[in-house]
Amino acid sequence: MFHHRTIEDYGIPLTSQKIVPGNTRTAVSAGGYQYVERTLAFTGGGATEVKVGDVICQSAGAIQAVVTAISAITGTWGGTAAGTFTLKNQIGTFVAGAIYVGAGSDEATVAGNSTAVATDYRFQNALAKVAVIQAIAQSALITFDGSTPDQTLLKGWTLAAGQSIVVLEEAIQRIQVVDRVSGSLSTVFIQYYF
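Here's what the structure looks like:
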């Protein structure tokens, strides 16, 4: 008998990743497909208070993570706040400098990259079981078999804007994306389930 899968069959959606590949073949980040909690010390809280659930960023959003907890806060937001963020879904490596939320500016300052949480927690180092990939804008070429998508040869699965595809287990780590048409500015969103 055929079983129609529903979103509940996939597991818990814990992490995600947005890729705007352009003409550069872009692979998925381990911060998306592997669940790792991290801590990041901060100082000099800006005018906007960072809250649990916010996505903190650097480098025009190229480096980002979701805040799951904020602890050891001293001082006040607006200049003297200091403490530690607990993060998940970190994409990229934080460097010394300002971090921001959304279109904000200097919400806090960090001294460098985060560190992995050493104590046990649920889903620690788990790999995603399912990845749902959706083209948000423009068509993209996607591979997940270890090969490289190619615009000239049109090698890879064409995923048109508004379409989605499900990738399972080990193939998730091999996902690569590139614009289907050179310079078309595709945007791909991936939701990972654990």
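Last residue of the sequence shown: 238 (our numbering), numbering continuous. Just so you know, even glycine gets a beta-carbon here, dropped at the ideal spot from N, CA and C.
Three-state class that DSSP yields for residue i in the structure shown
{"i": "ILE216", "result": "helix"}
{"i": "ASP150", "result": "coil"}
{"i": "ASP53", "result": "helix"}
{"i": "TYR41", "result": "No answer is possible for residue 41: it lies beyond the span of the chain, which begins at 45 and ends at 238."}
{"i": "ALA126", "result": "strand"}
{"i": "ALA162", "result": "coil"}
{"i": "ALA91", "result": "coil"}
Beta-bridge partners of residue i, as assigned by DSSP
{"i": "SER208", "result": "GLN178"}
{"i": "ASP223", "result": "ALA184"}
{"i": "LEU131", "result": "ARG82, VAL111"}
{"i": "PHE233", "result": "LYS62, GLN178"}
{"i": "LYS173", "result": "BP columns for LYS173 are empty, so no partner."}
{"i": "LEU203", "result": "ALA184"}
{"i": "ASP194", "result": "LYS199"}
{"i": "ALA71", "result": "GLN220"}
{"i": "GLN102", "result": "ILE107"}
Span separating the alpha-carbon of residue i from that of residue j
{"i": "ARG82", "j": "LYS132", "result": "6 Å"}
{"i": "GLY136", "j": "ILE117", "result": "25 Å"}
{"i": "ILE234", "j": "VAL111", "result": "19 Å"}
{"i": "SER73", "j": "ILE143", "result": "20 Å"}
{"i": "LEU198", "j": "ALA175", "result": "23 Å"}
{"i": "TYR6", "j": "ASP223", "result": "Since the displayed the chain opens at 45 and closes at 238, residue 6 lies outside it and no answer follows."}
{"i": "THR202", "j": "SER228", "result": "13 Å"}
{"i": "VAL94", "j": "ALA140", "result": "18 Å"}
{"i": "GLU214", "j": "ASP189", "result": "9 Å"}
{"i": "VAL221", "j": "ALA106", "result": "16 Å"}
{"i": "ILE209", "j": "ILE177", "result": "5 Å"}
{"i": "ILE186", "j": "GLY122", "result": "44 Å"}
{"i": "SER115", "j": "THR87", "result": "12 Å"}
{"i": "ILE56", "j": "ALA162", "result": "23 Å"}
8 Å Cβ shell around residue i - same chain, five flanking residues per side excluded
{"i": "ALA104", "result": "none"}
{"i": "GLY75", "result": "THR59, GLN61, ALA109, ASN133, GLN134, ILE135, GLY136"}
{"i": "ALA113", "result": "VAL96, PHE129, THR130"}
{"i": "SER226", "result": "ASN67, GLN195"}
{"i": "THR120", "result": "GLY89"}
{"i": "GLN182", "result": "ALA205, ASP223, ARG224, VAL225, SER228, LEU229, SER230, THR231"}
{"i": "ASN157", "result": "LEU84, THR137, PHE138, VAL139"}
{"i": "SER149", "result": "GLY90, ALA142"}
{"i": "THR92", "result": "TRP121, VAL145, GLY148, GLU151"}
Cβ-based neighbour list, residue i, same chain, cut-off 6 Å, excluding 5 preceding and 5 following
{"i": "ILE180", "result": "THR231, PHE233"}
{"i": "ILE216", "result": "TYR77, ALA172, ALA175"}
{"i": "THR124", "result": "none"}
{"i": "THR70", "result": "ILE63, VAL221"}
{"i": "ALA170", "result": "TYR79, PHE238"}
{"i": "CYS101", "result": "GLN108, TYR144"}
{"i": "PHE167", "result": "TYR79, PHE238"}
Own chain residues within Cβ distance below 7 Å of residue i, not counting five before or after
{"i": "ALA160", "result": "VAL80, ARG82"}
{"i": "ARG218", "result": "PHE188, ASP189, GLY190"}
{"i": "ALA155", "result": "ALA85, ALA140"}
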